[in-house]
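Asker: Quick one: the structure is below, and I'll ask about it shortly.
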Amino acid sequence: MNTAARRYPEIWQRRSLRETISAWLWTAALAAAAVWSITMLDIEWAFFSDAHLQAIDLAERMWPPRWSYLPVIIGPLIETIHIATIGTAIAYVFSVPLAFLAARNTTLNSFTWAIGRSLLVISRSVNTVIWGLLFVAIFGPGPVAGIASVAARSVGFLAKLVAESIEEADRGPVEAIESTGAGTGQVYLLGILPQVMPVLVGTTVYRWDINVRESSVLGFVGAGGIGLQLYASINQFAWQQVLVVLAAILLIVLLSEALSAYIRARIT
Amino acid sequence: MSAAASYPTHWRRPPAFFGTRRRYWLFIGGVILYFAWSLSTLNIDVERMLAGLPRALDIFARMVPPDFSKGQLLLKGMLESLQMAFAATLIGAILAVPLGIAAARNIAPRPVYLAARGFIVLNRTFHEIIIAIFFVKLFGFGAVAGLLTLALSSWTFCGKMLAEDIENVRMGQIEAVRATGAGFAQTVVFSVVPQVLSRTVGVLIYRLDANVRHSTVIGIVGAGGIGQTLSASFSRYDYDFAAAILLCIAALVALGEWFSDWVRRKLR
Chain A
1296 MNTAARRYPE IWQRRSLRET ISAWLWTAAL AAAAVWSITM LDIEWAFFSD
1346 AHLQAIDLAE RMWPPRWSYL PVIIGPLIET IHIATIGTAI AYVFSVPLAF
1396 LAARNTTLNS FTWAIGRSLL VISRSVNTVI WGLLFVAIFG PGPVAGIASV
1446 AARSVGFLAK LVAESIEEAD RGPVEAIEST GAGTGQVYLL GILPQVMPVL
1496 VGTTVYRWDI NVRESSVLGF VGAGGIGLQL YASINQFAWQ QVLVVLAAIL
1546 LIVLLSEALS AYIRARIT
Chain B
2 MSAAASYPTH WRRPPAFFGT RRRYWLFIGG VILYFAWSLS TLNIDVERML
52 AGLPRALDIF ARMVPPDFSK GQLLLKGMLE SLQMAFAATL IGAILAVPLG
102 IAAARNIAPR PVYLAARGFI VLNRTFHEII IAIFFVKLFG FGAVAGLLTL
152 ALSSWTFCGK MLAEDIENVR MGQIEAVRAT GAGFAQTVVF SVVPQVLSRT
202 VGVLIYRLDA NVRHSTVIGI VGAGGIGQTL SASFSRYDYD FAAAILLCIA
252 ALVALGEWFS DWVRRKLR
């Protein structure tokens, strides 16, 4: 009687003693790692003392925006959108075969699967801007390098999601088409592709609006688009122009995001 | 009799998404027109592109074998990137709590909600590299600027995700805790926190992974980390060292992604 009653504590506790200790240990480990990270970065704290003054100074130099610069950047703005769109279109075309190669149920054998997977990893783990560095070295500065880098980064992004959706595709339609005597190509085209089309198109549209954002900075490494004008204006300390460019980037990124959200809402 | 003749004897695959074949062809026509227009405005020099191919081969030839002899420099850059990413995630996570509460429609007052959402949208629009430029101007070259850039973007990202989680919280648990006579703080700790915690940890892990990836590029504008080393090696045509850096970045990113997937699968 007495022993049974003793098992239940009088006061409710959310965690057991063990859980409490492990929670505190995790917190301590995180705090130690944070302190280690920050102290190792050898931060010059003196820069913080006048940062707010610098920021106010910068804001004053930016105002008022020099709207007369706007006609100069219309061309580069359109180029930025073109880089994103053409790059995404190229990635769309190449992502389909790559996705079939990298999906376990449609690839030829484990060797081709490994090739597909490693292409995915290479494409995805290098950032668009770093691809930009590489392609500027190859094609020279200009929008071609930008298009190539957008395509190189996006193809892995698209193919990874499409490959996952191929692996999850319903067997029913596939078997139905196989039973009509269709060859492998026809089965893929009519049985699997229609099933993954919504994912493919939805991800492409989503990637396109990320790409508009990415191509706004490709100009920093010389790969075309509005980034070139932004970088030049910053280097000339033409802060009133910088504000105009930033406003323009804000506008096109918000518009492309809204358009992409609208299209995705329509197709799913 | 006459009705039977109107059925086609051959099946043609109906176009996806468009409903009618006419709209499908209109779309295709639009795409072709767009490419004709965009390619004509980009003034792409085919000759220069073709000249790029042998140059690409030359660059790849010089990249092989990757030069790991400057291991010290490489290790220092990678470590700096990792530390920046880690510290930025923690700072962002701590700051995200008030921002998330302010940006949740169901608890924050309307003006606070609108201000917080506006701040989030403004920050999300600009690429990390653009933000990094400003921090480099304010705090000088080096890891501080990178740390602050990543912290700012983690702050708004985690704040947005947290706000959405708070908006989706179930009222039942909150009312149950409140009915025991709990005050506001107790209500939050015992009913809101348990509902959003596991998703928030998932978001943080994802963000850590994203920060590792971004920390490899913001160095291009001088914000520290391995990106700075990479950018320097490209501008010195030091391609075999660049290849070594790229391999390390790819390995780190792939590892980070694998870790992030693993943790989030465990959490579910």
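Here the protein sequences come in this chain order: A and B. Take the first sequence: its letters are residues 1296 to 1563, numbered as in the working numbering. Take the second sequence: its letters are residues 2 to 269, numbered as in the working numbering. Ideal placement from N, C-alpha and C gives every residue a C-beta, glycine not left out. Only a predicted model underlies this, so the values are computations on that prediction, with no experimental measurement involved.
(1) Quick one: does Met1296 of chain A have its CB under 8 Å from some CB of chain B?
(2) Tell me whether the beta-carbon of Ala144 of chain B lies closer than 8 Å to the beta-carbon of Glu81 of chain B.
(3) Distance, Cα to Cα, Thr1315 of chain A vs Gly226 of chain B?
(4) How many whole angstroms separate the CB atoms of Leu163 of chain B and Ala57 of chain B, which I take to be in contact at a CB cut-off of 8 Å?
(5) Based on Cα-Cα distance, which residue from A:Glu1463, A:Arg1361 and A:Val1516 lies nearest to Arg1399 of chain A?
(6) Could you have a look at Glu1305 of chain A and say whether DSSP puts it in helix, strand or coil?
(7) Just tell me which of B:Leu149, B:Arg171 and B:Val122 has its CA closest to the CA of Phe1342 of chain A.
(8) Can you find a heavy atom of the ligand ATP that lies under 7 Å from the Cβ of Trp156 of chain B?
(9) Excluding sequence positions up to five away, which residues of its chain have a Cβ less than 6 Å from the Cβ of Phe1515 of chain A?
(10) If I measure Cβ to Cβ from Leu113 of chain B and keep anything under 8 Å in the same chain, skipping five residues before and after, which residues do I get?
(11) Is it buried or exposed, Glu1 of chain B, if we count other Cβ atoms within 10 angstroms and call 16 or more buried?
(12) Quick one: what's got a C-beta closer than 7 Å to Asp1504 of chain A's C-beta in the same chain, skipping five residues either side?
(13) Go through its chain and collect everything with a Cβ distance to Ser1449 of chain A's Cβ below 7 Å, but skip five positions before and after it.
(14) Straight-line CA distance for Asn1404 of chain A to Leu1414 of chain A?
(15) Determine, using beta carbons only, whether Phe18 of chain B comes closer than 8 Å to chain A.
(16) Any beta-carbon of chain C closer than 8 Å to the one on Leu100 of chain B?
(17) Enumerate, from N- to C-terminal direction, the unbroken alpha helix (DSSP H) stretches of 4 or more residues contained entirely within the segment 164-196 of chain B.
(18) In its own chain, which residues sit with a C-beta less than 7 Å from the C-beta of Ser1264 of chain A, not counting the 5 before and 5 after it?
(19) Less than 8 Å separating the beta-carbons of Leu43 of chain B and Glu1374 of chain A?
(20) In its own chain, which residues sit with a C-beta less than 7 Å from the C-beta of Phe1434 of chain A, not counting the 5 before and 5 after it?
(21) How long is the line joining the alpha carbons of Met2 of chain B and Leu27 of chain B, rounded to whole angstroms?
(22) Please check if any C-beta of chain A sits within less than 8 Å of the C-beta of Val222 of chain B.
(23) Kindly indicate which residue of A:Val1491, A:Ser1510, A:Tyr1557 and A:Ser1317 has the alpha-carbon position closest to the one of Ala1394 of chain A.
(24) Taking the alpha helix (DSSP H) that Lys71 of chain B belongs to, which residues open and close that run?
(25) Determine, using beta carbons only, whether Arg214 of chain B comes closer than 8 Å to chain A.
(26) Using 8 Å as the limit for Cβ to Cβ distance, is Ser1420 of chain A near chain B?
(27) Can you give me, in chain order, the residues of the segment 120-151 of chain B that have a beta carbon less than 8 Å from any beta carbon in chain A?
(28) Taking 8 Å as the CB-CB cut-off, is Pro1360 of chain A touching chain B?
(29) Against chain B, which members of the segment 1537-1551 of chain A pass a CB distance test of less than 8 Å?
(30) Would Gly1467 of chain A and Ser1418 of chain A qualify as a contact pair, given that the criterion is a beta-carbon distance under 8 Å?
(31) Which residue wins for smallest C-alpha separation from Leu83 of chain B, given the options A:Leu1336, A:Ala1543 and A:Ala1350?
(32) Pick from B:Val213, B:Val193 and B:Ser199: whose alpha carbon is nearest that of Ser154 of chain B?
(33) On a Cα-Cα basis, can you pick out the residue from B:Gln174, B:Gly53, B:Ile134 and B:Lys267 that is closest to Trp1534 of chain A?
(34) Of the residues that make up the segment 1340-1359 of chain A, which ones have a beta carbon closer than 8 Å to any beta carbon in chain B?
(35) If you compare alpha carbons, which of B:Gly78, B:Phe185, B:Tyr207 and B:Pro67 is closest to Thr230 of chain B?
(36) Just mark Ile206 of chain B as buried or exposed, buried being the case when its beta carbon has 16 or more other beta carbons within 10 Å.
Answerer: By the coordinates alone:
(1) In the first sequence, residue 1296 of chain A corresponds to position 1, counting from 1. Unreliable positioning characterises Met1296 of chain A in this predicted model, as indicated by a pLDDT of 48, which lies under 50. A coordinate reading is not provided.
(2) Within the second sequence, the letter at position 143 stands for residue 144 of chain B. Within the second sequence, the letter at position 80 stands for residue 81 of chain B. In this structure, Glu81 of chain B lies closer than 8 Å to Ala144 of chain B by Cβ.
(3) Along the first sequence, read from residue 1 onward, the residue named residue 1315 of chain A stands at position 20. Along the second sequence, read from residue 1 onward, the residue named residue 226 of chain B stands at position 225. Approximately 37 Å, taken between the alpha carbons.
(4) Stepping through the second sequence from its first residue, residue 163 of chain B is reached at position 162. Stepping through the second sequence from its first residue, residue 57 of chain B is reached at position 56. Actually they are not in contact, since the Cβ atoms of Leu163 of chain B and Ala57 of chain B sit about 45 Å apart, beyond 8 Å.
(5) Taking the first residue of the first sequence as position 1, residue 1399 of chain A is located at position 104. Looking at the Cα atoms, A:Glu1463 is the closest of the given residues.
(6) Position 10 of the first sequence, counting from 1, holds the residue named residue 1305 of chain A. Three-state result, Glu1305 of chain A: coil.
(7) On the first sequence, position 47 is the one that residue 1342 of chain A refers to. Ranked by how close their Cα comes to the Cα of Phe1342 of chain A, the residues B:Leu149, B:Arg171 and B:Val122 have B:Leu149 in first place.
(8) Although the ligand ATP was asked about, the structure shown includes no ligands whatsoever.
(9) Indexing the first sequence from 1 puts residue 1515 of chain A at position 220. Taking C-beta separations shorter than 6 Å and ignoring five residues to either side along the sequence, the partners of Phe1515 of chain A in its chain run Gly1522 and Tyr1526, following chain order.
(10) As a first step, residue 113 of chain B is located in the second sequence; it is residue number 112 there, counting from the start. The sequence given here places Val at residue 113 of chain B; Leu does not occur at that position. Excluding residues within five positions, the ones whose Cβ falls inside 8 Å are Ala103.
(11) Absent from the model: residue 1 of chain B. The displayed extent of chain B is 2 to 269, so no value can be given.
(12) Looking up residue 1504 of chain A in the first sequence gives position 209. If the five residues before and after Asp1504 of chain A are omitted, its C-beta is found closer than 7 Å to the C-beta atoms of Ser1551, Glu1552 and Ser1555, all from its own chain and listed in chain order.
(13) Locating residue 1449 of chain A in the first sequence gives position 154, where the first residue counts as 1. Sequence-distant Cβ neighbours of Ser1449 of chain A in its own chain, meaning closer than 7 Å and more than five residues away, are Gly1382, Thr1383, Ala1386, Arg1502 and Asn1506.
(14) One-based indexing of the first sequence puts residue 1404 of chain A at position 109. One-based indexing of the first sequence puts residue 1414 of chain A at position 119. Cα to Cα, Asn1404 of chain A sits roughly 16 Å from Leu1414 of chain A.
(15) Here residue 18 of chain B refers to the residue found at position 17 when the second sequence is read from its first residue. So, interface residue.
(16) Checking the listed chains, one finds no chain C in this structure; the protein chains it contains are A and B.
(17) Every alpha helix (DSSP H) stretch that sits fully inside the segment 164-196 of chain B and reaches 4 residues is listed by chain position as 172-180 and 185-188.
(18) Outside the displayed range of chain A (1296 to 1563) lies residue 1264 of chain A, so it cannot be described from this structure.
(19) Here residue 43 of chain B refers to the residue found at position 42 of the second sequence. Here residue 1374 of chain A refers to the residue found at position 79 of the first sequence. Yes, Cβ-Cβ distance for Leu43 of chain B and Glu1374 of chain A is below 8 Å.
(20) The sequence position of residue 1434 of chain A within the first sequence is 139, counting from 1. Excluding positions up to five away in sequence, the list reads Ala1440 and Ala1443.
(21) Here residue 2 of chain B corresponds to residue number 1 of the second sequence, with the count starting at 1. Here residue 27 of chain B corresponds to residue number 26 of the second sequence, with the count starting at 1. For Met2 of chain B, the predicted structure reports a pLDDT of 48, less than 50, and the residue's modelled location is therefore unreliable. A value from the coordinates is still provided. Rounded to whole angstroms, Met2 of chain B to Leu27 of chain B spans 35 Å at the Cα level.
(22) Residue numbering aside, residue 222 of chain B sits at position 221 when the second sequence is read from its first letter. At least one chain A Cβ lies under 8 Å of Val222 of chain B.
(23) Indexing the first sequence from 1 puts residue 1394 of chain A at position 99. In terms of Cα proximity to Ala1394 of chain A, the closest of A:Val1491, A:Ser1510, A:Tyr1557 and A:Ser1317 is A:Val1491.
(24) As a position in the second sequence, residue 71 of chain B is number 70, starting the count at 1. Segment: none, Lys71 of chain B is in no alpha helix (DSSP H) and carries neither H nor E.
(25) One-based indexing of the second sequence puts residue 214 of chain B at position 213. For Arg214 of chain B, the nearest CB of chain A lies under 8 Å from its own CB, placing it at the interface with that chain.
(26) Working through the first sequence from its first residue, we reach residue 1420 of chain A at position 125. Answer yes: the Cβ-Cβ gap between Ser1420 of chain A and chain B drops below 8 Å somewhere.
(27) Answer in chain order: Val122, Leu123, Thr126, Phe127, His128, Ile130, Ile131, Ile134, Phe135, Lys138, Leu139, Phe140, Gly141, Gly143, Ala144, Val145 and Leu148.
(28) The count along the first sequence starts at 1 and reaches residue 1360 of chain A at position 65. Under the Cβ criterion of 8 Å, Pro1360 of chain A is not counted among the residues facing chain B.
(29) Residues Leu1541, Ile1544, Leu1545, Val1548 and Leu1549.
(30) The count along the first sequence starts at 1 and reaches residue 1467 of chain A at position 172. The count along the first sequence starts at 1 and reaches residue 1418 of chain A at position 123. For Gly1467 of chain A and Ser1418 of chain A, no; Cβs fall outside 8 Å.
(31) Position 82 of the second sequence, counted from the start, is the residue given in the question as residue 83 of chain B. It is A:Leu1336 whose Cα lies nearest to the Cα of Leu83 of chain B.
(32) Start at 1 with the first residue of the second sequence, and residue 154 of chain B comes out as number 153. Nearest of B:Val213, B:Val193 and B:Ser199 to Ser154 of chain B, Cα basis: B:Val213.
(33) As a working note, residue 1534 of chain A is residue 239 in the first sequence. Nearest C-alpha to Trp1534 of chain A: B:Ile134.
(34) If the cut-off is 8 Å between Cβ atoms, the segment 1340-1359 of chain A has Phe1342, Phe1343, Ala1346, Gln1349, Ala1350 and Leu1353 near chain B.
(35) Taking the second sequence and counting its residues from 1, one reaches residue 230 of chain B at position 229. Nearest option by C-alpha distance: B:Gly78.
(36) Position 205 of the second sequence, counting from 1, holds the residue named residue 206 of chain B. Within 10 angstroms of the beta-carbon of Ile206 of chain B lie 16 or more other beta-carbons, which makes it buried.
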